[in-house]
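Residue numbering for the sequence shown follows our numbering, beginning at 272 and increasing consecutively.
Where is the CB? At the ideal position from N, CA and C, for every residue including glycine.
From a predicted model like this one, the values you see are computed outputs, not experimental measurements.
In what follows, a single structure is set out as structure tokens and then discussed.
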Amino acid sequence: MANKILIVDDERDFVEINRATLESKGYKVVAAYNGKEGLEKAQPSGGKWIFRGR
């Protein structure tokens, strides 16, 4: 089973570039585009997280 990573960021390009990179390395990526969506997806997904902010 692939390790899961949740990426949360409002910059879609950042999410999609990192999603493609991580998926090519065998990770299952869950993406969210704002904090609320990220929290909703974090609960059931488990796995590792990437947090980015300014």
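Can you round the beta-carbon distance between A303 and G309 to whole angstroms, since I take them to be within the 8 Å contact cut? At roughly 4 Å, the Cβ-Cβ gap stays under 8 Å, so A303 and G309 are in contact.
What is the rounded straight-line gap between the Cα of V279 and the Cα of V300? Cα to Cα, the separation comes out at about 11 Å.
Any idea which residues DSSP pairs K299 with across the strands? Paired residue(s): K275.
Sub-8 Å separation of V312 and L277 beta-carbons: The identity of residue 312 in the sequence shown is Lys, whereas the question assumes Val. Yes. Within cutoff.
Can you round the beta-carbon distance between D281 and N305 to whole angstroms, since I take them to be within the 8 Å contact cut? Confirmed, about 6 Å.
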